[in-house]
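Colleague:
Protein chains: 4
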Amino acid sequence: MPTTTVENEKSLNEECGIFGIWNDQKAAELTFYGLHALQHRGQEGAGIVAKQADGRLWQERGLGLLSEVFSDPRRMLNLTGEAAIGHVRYATAGNHGIENIQPFMVNFSDMQIALAHNGNITNAQTLKQELEDEGAIFQSSSDTEILLHLIRRSKAPTFDEKLKEALLRLRGGFAFILLTPNAMYAALDPHGFRPFVIGRLPEAGGYVVASETAALETVRAEFLQDVQPGELIRFDNAGMHLSKYTEQTTLNIDAMEYVYFARPDSNIYGVNVHRARKRMGEAIATEQPVDADMVVGVPNSSLSAAMGYAEKAQLPNEMGLVKNQYIARSFIEPTQERRERAVRMKLSAVPAIVAGQRVILVDDSIVRGTTSKYIIKMLRDAGASEVHVRIASPAFKYPSFYGVDMQTTDELMAAHYSKDEMCDIIGADSLEFLSVEGLVTSIDLPYQGAGNGLTTAYFDGHYPSPVYDYQDSLAELAAANIVTFDPEP
Amino acid sequence: MPTTTVENEKSLNEECGIFGIWNDQKAAELTFYGLHALQHRGQEGAGIVAKQADGRLWQERGLGLLSEVFSDPRRMLNLTGEAAIGHVRYATAGNHGIENIQPFMVNFSDMQIALAHNGNITNAQTLKQELEDEGAIFQSSSDTEILLHLIRRSKAPTFDEKLKEALLRLRGGFAFILLTPNAMYAALDPHGFRPFVIGRLPEAGGYVVASETAALETVRAEFLQDVQPGELIRFDNAGMHLSKYTEQTTLNIDAMEYVYFARPDSNIYGVNVHRARKRMGEAIATEQPVDADMVVGVPNSSLSAAMGYAEKAQLPNEMGLVKNQYIARSFIEPTQERRERAVRMKLSAVPAIVAGQRVILVDDSIVRGTTSKYIIKMLRDAGASEVHVRIASPAFKYPSFYGVDMQTTDELMAAHYSKDEMCDIIGADSLEFLSVEGLVTSIDLPYQGAGNGLTTAYFDGHYPSPVYDYQDSLAELAAANIVTFDPEP
Amino acid sequence: MPTTTVENEKSLNEECGIFGIWNDQKAAELTFYGLHALQHRGQEGAGIVAKQADGRLWQERGLGLLSEVFSDPRRMLNLTGEAAIGHVRYATAGNHGIENIQPFMVNFSDMQIALAHNGNITNAQTLKQELEDEGAIFQSSSDTEILLHLIRRSKAPTFDEKLKEALLRLRGGFAFILLTPNAMYAALDPHGFRPFVIGRLPEAGGYVVASETAALETVRAEFLQDVQPGELIRFDNAGMHLSKYTEQTTLNIDAMEYVYFARPDSNIYGVNVHRARKRMGEAIATEQPVDADMVVGVPNSSLSAAMGYAEKAQLPNEMGLVKNQYIARSFIEPTQERRERAVRMKLSAVPAIVAGQRVILVDDSIVRGTTSKYIIKMLRDAGASEVHVRIASPAFKYPSFYGVDMQTTDELMAAHYSKDEMCDIIGADSLEFLSVEGLVTSIDLPYQGAGNGLTTAYFDGHYPSPVYDYQDSLAELAAANIVTFDPEP
Amino acid sequence: MPTTTVENEKSLNEECGIFGIWNDQKAAELTFYGLHALQHRGQEGAGIVAKQADGRLWQERGLGLLSEVFSDPRRMLNLTGEAAIGHVRYATAGNHGIENIQPFMVNFSDMQIALAHNGNITNAQTLKQELEDEGAIFQSSSDTEILLHLIRRSKAPTFDEKLKEALLRLRGGFAFILLTPNAMYAALDPHGFRPFVIGRLPEAGGYVVASETAALETVRAEFLQDVQPGELIRFDNAGMHLSKYTEQTTLNIDAMEYVYFARPDSNIYGVNVHRARKRMGEAIATEQPVDADMVVGVPNSSLSAAMGYAEKAQLPNEMGLVKNQYIARSFIEPTQERRERAVRMKLSAVPAIVAGQRVILVDDSIVRGTTSKYIIKMLRDAGASEVHVRIASPAFKYPSFYGVDMQTTDELMAAHYSKDEMCDIIGADSLEFLSVEGLVTSIDLPYQGAGNGLTTAYFDGHYPSPVYDYQDSLAELAAANIVTFDPEP
């Protein structure tokens, strides 16, 4: 049983982090360290599959944080061999069971395959229906199994060709790692919605794939390249083999990776996340100045933006909120009081700093608005005379379908209230958001195509691909041209 | 992690116990009690799936004893609703992972199905190959998933008909419980290789299915009937619906259920197991008398036979061996010393009783012979002057393929050594086995067909059906007419 | 958290089992096996203290069964060195905390001492008051700490003399094992109320002390002798040193050890427990015959007596009740239903055996009577036409103060009801008890002193010593000469 | 077993955090939250004792983080009642057993007492010897029990007077919370070495005592006052009663509380810790400027000082190091590689920020220097062209005896190497420390007495009191007047 499942601050959840390693004697142990560096991408379950010396795969999976799943050292001792892949998961609503914890492991006519996935397949329901009509059985409620069934049904002559054929059927966002007795594969969707990188270990020359560069650093792997949209990479005993399963690609990395999900020390397509966030803070300071005494960032995700804001506004950047570095669960029943308690167990306002001060509270985003409300209340309880909220990203009005658990607008505060109403509800003295242009300029991807390499659909309703099974949920907005969709390339 | 996985005394493992309940407010709790009564049929893993009020199935599964899997009370609290099925598993070689713990739960186009299985499908490899050729994916290494794939691929118009069609494809021994949002099903193979019974709860009228009648007693259910070979029973809100999916049936219940597997308080096809064992003891006393001072049975499985032997031989039945009622694991590394330690942690010889005595040691069976060796050593260390071993079943020479983990003769002592050699190896003063006739007469099933309702293939090599995928392993013996096979009815 | 704390069948609890080993490389591991053999003497907590190579003591203690306390293998790895002592505890009312789990470990001016105790000090309150008046502090609510304080306060010149002086202050029943960096000690009270034995390991010549001989067998130690009343034995690097701290001794071993507590394979002062129980069964058969069809013993504790009854009465001894060999906890809230559920999870009646039969139910004792009631109900539900209860010990009317958790008569059914009333309450057709003479003759200790070497106070109110702090609770009965007390020798 | 015991970054350990609450219905739950806010003060064990409705105390204690100790929700359910005290502990060398986890709970003539302690008694060995000579027994190896024995031995007429008498015997640093069935007490040593504060709950008016104000905030208690040196405060049903057990007091709060131990959001004697640290950063920037491109603070403890340095030096404060917010243990055996792995699991350098840059690395202190070495290595691996280390406190040359686990100079790098040697060893381009004057001025306590209210012995060897049992360890330094001691006031 997981002991430390915690309330997520924003109800905005990355669906996972993935990590794989090929050709290292400590494959499973390094996978543990790599997943530890990716723990922020998923905290409700974790698993590792290792290829043992005899070629058999062995899995250890469980609910809870990585350190809980592997608290019994025997579980790590079970994971021998020189290749391993792992996954950390943030469960989505209704999908909390152990059956959804990855990597998945299946048997294909005596060949075992393990699979770890980060993303969301937008034509999953359609494919699932088709596959079920053909007799497929799904054990999990996740989309991830679909790839396995597509491979299984492919008539292509080799495994690699089956895999390519299967990948071409998928729509939406996906970064996959597959492990077979013979090779490890990494594949990214044609739009590059999710971050995915390759590294190389210094000594024996093993290869590493991971959701973020921060995980490469942890295992001391050298960064080789970002996996490119549409790329399928095979790692085997002959080394690394790059190829593309499609040439119809664009780059549309999810802007929220820069805003909120990724670690500040990660680089995505050459852009450092901390630097991007700092520029977002600078940009909102320029766009929405306000007379105040200090800047306070919400730790930890908004500290970079707060730095940028304070430098640009030439105001002191103060530690007006402190985060508890330990994680624990409250004992309160699930009520509103529980949510407030959860915020108070994680964050404290510092009266000695904010009392009598006009505070600019810099946050990276507002999703439901409840956390913001409690933070502002804490700052006022601590004596702040004014609290001006500056959000270092645009207002979050539209759902995402490419790998983040926010597929309706039901809980999106900005989808239901005007900026002024939001300001009232959260109890701020003023509330302003960064413009979409400000965001794009702050990230400043070196990519010339449409969208400047980004997906900003959350903010502007512009989806870089059709959303397939979800199209109906946006039908009214699409009819009114409020949201728009690019065709597949 | 299971804490008390223990060495099995005989390396002769029933593959599982199954239990299901339909229409009772405490369905999952009663399933726990029912499985507790069946724990002797499988100790390496346990699981329960319950149908919640909203029609969704929820599973809790884990490695270890039932009490370990459910040691966190939150796991039971997750299992709400008025129907539940459960499983206790004894893992077979190479199949120890959590992925093999049942009940399995899968999704069929929005219908969830849970499945618990006791038995062994003799054409599993053939069907699996065929299914995989058609694109099926297997997540576990067990045979149980095959039924689900067969149902999924059936073209029959209703679920019940699909299920019947699927059952008709299977060969070998199987007792299945299926749970869907609408009904619970119980199905038995056409030979009735495994025990399977139905009961009714006194108050609200719920139905219970279980591997043994002892599990009915535990939940205070009234015995209704043995599930008959070839029967498929549906329990739904309209009650119980009996039907047969085939009329081509015989009765060939595995004789080892009477000899060793089943609880003494269970009845199988009207024959009480304790009484049958007692008669086996009487029969071997008659067939193989020996001059001695006392009878000592190996607790607990051989106590009934020892009673019968002692009564027939008019010798005192003495408690020369005592069993520790608590279970614990040794800390020794897996060596021969570990096996001896395991025996010593479970059994003690009583010097005050056996010193200077000529002992008739009654045991139900000899499989590998190592346990016998240690027990005889313990009795001699305790001062026994003679140890005459009387086995209350015939010599165990041939494998079983209908649901017991003994599918080769590799570890069968009687397949490799003569009776005299065995006597030497285990260190006994004499060794005798019950005759097959003695066994059949002792069980005395009220059934007139071939084999008198029993499978005695272990002892006489007569298999009441072809063994399909295993045929090759018996080819030489079959060629020499040492083993024989009845055709399917 | 212990997962399997179970309802005790009789609410008659031995307070513990103790085990110690001196001079063996696997001291802690053997202590684990020894305690496993003594688990029946206490199931609510367990602990081991080992003397590490550097002379420091290390303790591992916890609530629950031994296998639960040591489920994490790291706990055993912490226990290195060549001497260790251990304890299994049955907590008494109000004393459930971890602070009461033994062995206790304290520091005396840089000398550490660990202590394990089985028994009850009858002048504990008086001594505790006196010690507290002098400034002593007690951390547990058990009596065991008293010995440590008495040693600490002694003015005697050596540790051994301090220990002797301290032992002389204690009254009541006690068997102690002490471990210091230099030696292990075993001490028994002057009446020998509790069993306590010494053994020797075959190879390196290490010594073992244990509550019962069964624990010697488990570690393959050779029995040397029973610890004698008033004996203090020191084990050190020079070997074993026997001595007496007092010559004022009698032998009054608790008769309930033979009746119920001890394992049947243990010998106490030369008498095998199984044999004694079998003779009790023979005696009650002779004293209280009844016309019936079969004898059924309550497993496991009454099986020996049932054997004796059946042999004497020349009736079949049938397995009319079957015990589940696995332990699990019910999920029911603490109500009467829970107690019934607990009985049903442990025992089953066998309809095939008892239906239509006149059953003689042989039990070793009746304490509260509730378990008897449920067992009789189960037998009648299973079809028994008559149930005649024969108790192979006298009626249990008076409390014990020498080491058993039954220090008032409040829950003693026989203290409040006549035999006929008891028969009605438990629902039997007849109820009879063994006479005290029958009991004494059955045990047949080779001891010529008063009481024939036994304490039978439970049955006849004759206490072989004053009961000190408890005297008031028996004042009325003493005034009426219903209970009597021998003076200290 | 604790799963996440982690390498401490500095091997400089506060010995604990304490928290108590009187008169609140959720006493134990609030104590959990309060301890969670103090978890940084001790991570190797935690415990809570609650006064139940019947006046009995109940304890739950364990090894590991608070969230691990209370991972089984039943442990919290055991802790009922309206008063509770708790403790988080950082075990010192050789004292890792469960017996040292506080609060301690003892029995005084039917009165139970629980005790939680933060500090170190400098005359503990002397008192312990004296108490043992009088017959006292110590169960733990901690000093904390001494207070209980002194109370127990006091001849004063009331408990409060006994407690005062006992407190007067102690020397060194101590903050105590005691809980009895009638009252809760808080006591601080006469020098105020450790922080200790009182708060009041808003609603029912319960009282809270805690090591730091941050814990008051977490439970929404209003700050009332710092406990003053020499103060003994009683909380009972009549409210709060302030008193002094001695008037011979000074204020000498440990300067390391401001430098490293306390949370930045805590205030100690009116000085906010974050503000003090920021001023330390400013002071070292003024004292030791260096030409560079950016300031990087070691997260989290040095972020405040880095802010101060950057503002004063007018350099960008960059996030060149990122801390993983999750805690996990490495699987490596205890070697140097393990220490490096531990640093890498906690911290990452950000190449995108530091590559090619001249970095001023601001850290709060250097103790052993190994962590600094690995951090500098990481920065250089990430491309930093220069790394100038600025320590925002003076060089740490002398041990502490007032409550921090650093009682010898053995591991103090600055005690054995010159500044230049240290610079070489850690691999920095330059290394400078804050002056003692700079430290004192930065903290700027509003206290006029000797030492300005601080203990700075670590840095200047000036001890504000004799160090009693530890005097010998400093004898040479004292003889050479390198360290000095004030007499007791």
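Chains as they are written, first to last, in the UniProt record's numbering: chain A, 1 to 489; chain B, 1 to 489; chain C, 1 to 489; chain D, 1 to 489.
Glycine included, every Cβ here is placed at the ideal spot set by N, Cα and C.
Source: prediction; values computed, not measured.
1. Does the Cβ-Cβ distance between A37/D and A214/D come in under 8 Å?
2. Can a CB atom of chain D be found closer than 8 Å to the CB of I101/C?
3. Along the chain, where does the alpha helix (DSSP H) containing Y33/A start, and where does it finish?
4. If you measure from the beta carbon of G64/A to each beta carbon in chain B, is any gap under 8 Å?
5. Is there a Cβ of chain B sitting closer than 8 Å to that of R344/C, yes or no?
6. Once the 5 residues before and after F485/D are set aside, which same chain residues still bring their CB inside 6 Å of it?
7. Q39/B touches chain C at which residues, Cβ-Cβ below 7 Å?
8. Using the Cβ count rule (16 or more neighbours within 10 Å means buried), how would you classify E476/A?
9. Of all the CB atoms in chain D, is at least one closer than 8 Å to the CB of S301/A?
10. Can you check whether the C-beta of V387/C is within less than 8 Å of a C-beta belonging to chain B?
11. Examine the ligand MN and report whether any of its heavy atoms sits within less than 7 Å of the Cβ of K128/B.
12. Look at the Cβ atom of residue 501/A, then the Cβ atom of A156/A, and state whether they are nearer than 8 Å.
13. Look up L455/B in the DSSP assignment and say whether it is helix, strand or coil.
14. Is the CB of R152/D under 8 Å away from at least one CB in chain C?
15. Given I425/B, which residues of its chain have a CB within under 8 Å of its CB, disregarding the five upstream and five downstream residues?
16. Does the beta-carbon distance from K51/C to P181/C come in below 8 Å?
17. Could you tell me which chain A residues have their CB closer than 8 Å to the CB of H149/B, listed as they occur along the chain?
18. If you measure between the beta carbons of V350/C and A382/C, is that distance less than 8 Å?
19. Would a check of beta-carbon distances place S109/C closer than 8 Å to chain D?
20. Here's a check: name, in chain order, each residue in its chain whose Cβ is nearer than 7 Å to the Cβ of E287/C, leaving out the five neighbours to either side.
21. Starting from the beta carbon of A210/A, find every residue of chain D whose beta carbon is closer than 7 Å, and list them in chain order.
22. Could you tell me which chain A residues have their CB closer than 7 Å to the CB of S141/B, listed as they occur along the chain?
23. Check for me: the beta strand (DSSP E) holding H388/B runs from which residue to which?
24. Please list, in chain order, the chain A residues whose beta carbon lies closer than 7 Å to that of E217/D.
25. Quick check: is the beta carbon of I360/C nearer than 8 Å to any beta carbon in chain B?
26. Could you check if E317/D is buried or exposed, using at least 16 other CB atoms within 10 Å of its CB as the buried criterion?
27. Going by DSSP, name the residue or residues bridged to E282/A.
28. Just to confirm, are G192/A and P229/A a CB contact at a threshold of 8 Å?
29. Evaluate E337/D with the Cβ neighbour count: other Cβ atoms within 10 Å of its Cβ, from every protein chain shown; 16 or more gives buried, anything less gives exposed.
30. What whole-angstrom Cβ distance do G320/B and M294/B have, given they're in contact under 8 Å?
Modeller: In short, the structure shows the following:
1. yes
2. no
3. 27 to 37
4. no
5. yes
6. Y463, P466
7. Y326
8. exposed
9. no
10. no
11. Looking at this structure, you won't find the ligand MN or any other ligand, since it has none at all.
12. No statement about residue 501/A is possible, as the shown extent of chain A runs from 1 to 489 and does not include it.
13. According to the sequence shown, residue 455/B is Thr rather than Leu. Strand, per DSSP.
14. yes
15. G369, K373, M413, Y417
16. yes
17. G135, I137
18. yes
19. yes
20. L434, S435, G438
21. Correct list: empty, because the minimum Cβ distance to chain D is about 13 Å.
22. N107
23. 386 to 391
24. S348
25. no
26. Reading off the sequence, residue 317/D comes out as Asn, not Glu. Its Cβ being crowded by 16 or more others within 10 Å, N317/D is buried.
27. In DSSP, E282/A forms no bridge with anything.
28. yes
29. exposed
30. 7 Å
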